[in-house]
Each structure stands twice: as C-alpha cells, then as structure tokens.
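Residues in the sequence shown are numbered from -14 upward in steps of one, following this note's numbering.
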Amino acid sequence: MAEIGLSPFLIAVAFMSFLGLMLSGILALANRKLWVYEDPRIDEIEELLPSTNCGACGTAGCRPFAEALIKGELKPAQCTVSSRDATQEIADYLGVDAGDVVKRVARLACAGGAHVARNQAHYDGLASCRAAAVISGGPKSCAWGCIGLSDCAEVCDQAAIHMNPVGLPVVDPEKCTACNDCVEICPKGLFSLQPVTHQLWVACKNLLHGDEAEADCEVTCTACGKCAADAPDGLIEIQQNLAIIDYQNNHLASPAAIERCPTGAIVWIEQEQATKGKAAKRVLRQQPLPIR
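This is the structure:
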C-alpha cells in the first residue's frame, strides 16, 4: 500500500498560517500591554492651529505645541502665527488664560544697500548668498554686509521677506512668525529675532573704525561714540568699533540716542519703520555705487 504524505506546498501553507497566527497574537498582546492613552483634545486643538509647523512657538510643530498646551507647559499666545481670535478660541476651549507674549520679528543688522555700500568685485555665479560668501567672503567691500542674493526671502515659508530695489531684504512684521529660518540661512549672521519692544536698533555689524568703515559703506557705524554718550548709562557701549545695545536696560531706551549719529547706523523703530536721527546725512542716490 502506498504511503499518503503531505505535499511540500501544503506544508508551506500550514507553516505560514501558523506563523501568521502566532505573530498576530504577539502584536495583539503587545498593543494591549504597550497602549498609551492620548488625550482626544490634542486633535481638536491641532485643528485650531495654523498647521504651519514653523517652530516659532519653541516646539517641533503644531501637534507638539498642542500636546504642550494640554500639559499646561505653554500658553496659546505662544503660537505667533495664529490670529488673536484663534488664540482666544483655543484658550476658551482649554479653559485657560491665553497668555501675553511679546511679538518677535526678524531684524537685519545691515542698511548697506547697493546705493550706499561698495562692491570690491563683480560676482557672476550661483545666485545664492551662501555660494557668494564662499568666494573671499562675497563681493562687498564690507566683509560683514548683506550680500543681497535673497536666500532669506526664498527660505521664508510665510513670504514675510522681500528684496527692495537696492538689494536689501525687508521683513513684513505682520507676516513674520519668528520661525528662525532666515537667521539660520544668512551666511553673515545678520538676522536675529527681536521683540518689537526693542525699538533702539543698530543696523550694522561692521567692526572697522571710522574712515575705513565709511569708505566701504556710507551708513556704517563709525564707532564715534555719540549714541553711547547721549544714552543713559549702561544702555550702549562701543565694543570692537561697534555700538552695542544692552537690552537688559531696554526700559531706558529713547530716540535721544540716535539724534547725533552721523551715518544713521543706529535707528529708532516704530511699528517696524526705522527712523534716523537729525544729524544723519540724507542719501538721495538710488543707483548702485561703482565697483571699487
């Protein structure tokens, strides 16, 4: 009598079926043992957030921000992208105070557009500040000056930065969310995030002194010290040929510090509009300066 045996195909099917059942059981057990409760309010709050995931609130995105709100670690107002109405709606939903956060915006420490700052060479390469900076620090005579090839404008997801006619980036304070992208991409380190309460601002980073600095840029800080002399003690110091504002003493700041600045390198900002002092020479030229 011939022996009746299982075919290799049936053995394989039986084995795979057994393996599938075993793994399913393990996964079901792991799901039960490792299951973590997630507050359903997180989804509700995330829906109320702008979904920009810009990181301006200090978290990695809108969902982590929603989780932090649930835990009471952050306030709704720390989302600088949301409108006031949306912020209040989140606060009402959670039954918490919306908070009072001073708005921050990106500011540029340079006023040296093509009409006042000289180039030492003509740059003809990749239209990128980072690429130009690799070549001897860029085409500008001022080694600290804005190169003006709009890396900051291109990286801004909020369209809060545009380039003006003289090649400088201009920040729209209403659109700026203080996400830090422009700060990170600028090869010269000219952008920083500042509270709008910092109204006294030095729009320069040049560390050269006096005539040497002014030969490169007409609106440079010449380290003359007049702003420091006119400001209250402890507010402004001249360090390495540049006026430095101590914002820990910001409550002492006033437009008086800008009035005698001969170049207009230090300005007073109202609603993100910069005003120069009376002594600053007026620049009427709009055409680029010739290459030195």
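The C-beta atom is built at its ideal place from N, Cα and C for all residues, glycine as well.
In terms of CA proximity to Lys88, Cys164 leads the group Gly110, Ala76, Pro150 and Cys164. Less than 8 Å divides the Cβ of Pro61 from the Cβ of Gly84. Boundaries of the alpha helix (DSSP H) around Glu52: Cys47 to Lys56. In the structure shown, Glu31 falls within a helical segment according to DSSP collapsed to helix, strand and coil.
Counting only runs of 4+ residues, the alpha helix (DSSP H) found wholly inside the region 87 to 162 occupies 114 to 119 and 136 to 140, in chain order. Counting the other CB atoms within 10 Å of its CB gives Thr162 a total of 16 or more, which places it among the buried residues. Cβ contact annotation for Ala96 (same chain, cutoff 6 Å, sequence separation greater than five): Ala188 and Val204, in chain order. Leaving aside the five residues that flank Ala250 on each side, the residues in its chain whose CB is nearer than 8 Å to its CB run, in chain order, Ala96, Val187, Ala188, Cys189, Val204, Thr205, Cys206, Thr207 and Ala228.
Put simply, the backbone Cα of Glu52 is about 14 Å away from that of Gly40. The DSSP-derived three-state label of Thr260 is strand.
Taking a contact to require three or more Cβ pairs closer than 8 Å, the region 134 to 150 and the region 108 to 123 qualify as touching.
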